[in-house]
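All residue numbers for the sequence shown refer to my numbering, where the first residue is 1141 and numbers rise by one.
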Amino acid sequence: MEIEVGNFITAIENEDYHKETITARASDVDSMGVADIMVPVIDKFESSIKDNKLTQIELVIDYADGPVFVRLESGIINLPYSNIDKVDNFFNGLEEKVPVVVNLIVESPKLNASGFRIDTLGSVDEFLANPENYEAKIAGNIAEKIAVIESAEISEEDTNN
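Set out below in structure tokens:
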């Protein structure tokens, strides 16, 4: 899947993309595990990109200290849709045709100093050619980030006691 830079920017600015939000509780992560929690997110993302749609699927995990946001976005560079105004700075022109990539985004103040992490996992075409590998990669990546977030919560609880 490829798109012209200008067409991508216009689509995101006009919110002309598939967007869905799924919610879960922290207890769901504990009881079901990250891989199972991510199944509907990955399935919805895969279904949408198969239809050649730009896509953002968000999972909001409700923790006692505040939500953790996990998003899969189809993009053209490792910037979230919220930073669409910066995208054209990284390309030679708006007519340039570029591959669409899969970005995994996690937001939580307990994740790191910026409260934000984005990883480009590969192209949409690679994802569609081998979704099982990407499911495992995504689940592992999210599990690492959730462990950091939960560890920070435990550290804060210990400090406050």
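C-beta: ideal position from N, C-alpha, C; glycine also.
Every value quoted in this text rests on a predicted model; they were computed, and no experiment measured them.
Item                                                                                                                        : Value
Helix, strand or coil at K1193 [DSSP, three-state]                                                                          : coil
Chain-order list of residues whose beta-carbon lies under 7 Å from that of V1169 (same chain, five-residue window excluded) : I1177, I1201 and I1286
L1244: first and last residue of the uninterrupted beta strand (DSSP E) it sits in                                          : V1241 to E1247
As assigned by DSSP and simplified to three states, the class of E1272                                                      : helix
Pair within 7 Å by beta-carbon distance, I1245 and R1211                                                                    : yes
Within-7 Å CB hit, I1224 to chain C                                                                                         : This model lacks chain C altogether, as it is built from one protein chain only.
For A1283 and V1181, believed in contact at Cβ under 8 Å, the rounded distance                                              : About 14 Å; that fails the 8 Å criterion.
Whole-number beta carbon distance between N1218 and I1189, since they are thought to touch under 8 Å                        : Actually they do not touch by this definition, with Cβ atoms about 17 Å apart.
For V1208 and S1171, believed in contact at Cβ under 8 Å, the rounded distance                                              : Rounded, the Cβ-Cβ distance is 16 Å, inconsistent with contact.
Bridge partners - L1212, DSSP secondary structure assignment                                                                : I1197 and L1244
Three-state class that DSSP yields for Y1157 in the structure shown                                                         : coil
Simplified DSSP assignment, three categories, for A1204                                                                     : coil
Distance CB(E1186)-CB(P1239) smaller than 7 Å                                                                               : no
Under 7 Å between C-beta atoms of K1226 and E1144                                                                           : no
Collapsed DSSP secondary structure at F1230 in the structure displayed                                                      : helix
Limits of the alpha helix (DSSP H) - the one that S1263 falls within                                                        : No alpha helix (DSSP H) holds S1263; the beta strand (DSSP E) holding it covers F1256 to S1263.
Per-residue burial, N1243 [other beta carbons within 10 Å of its own, 16 or more giving buried]                             : buried
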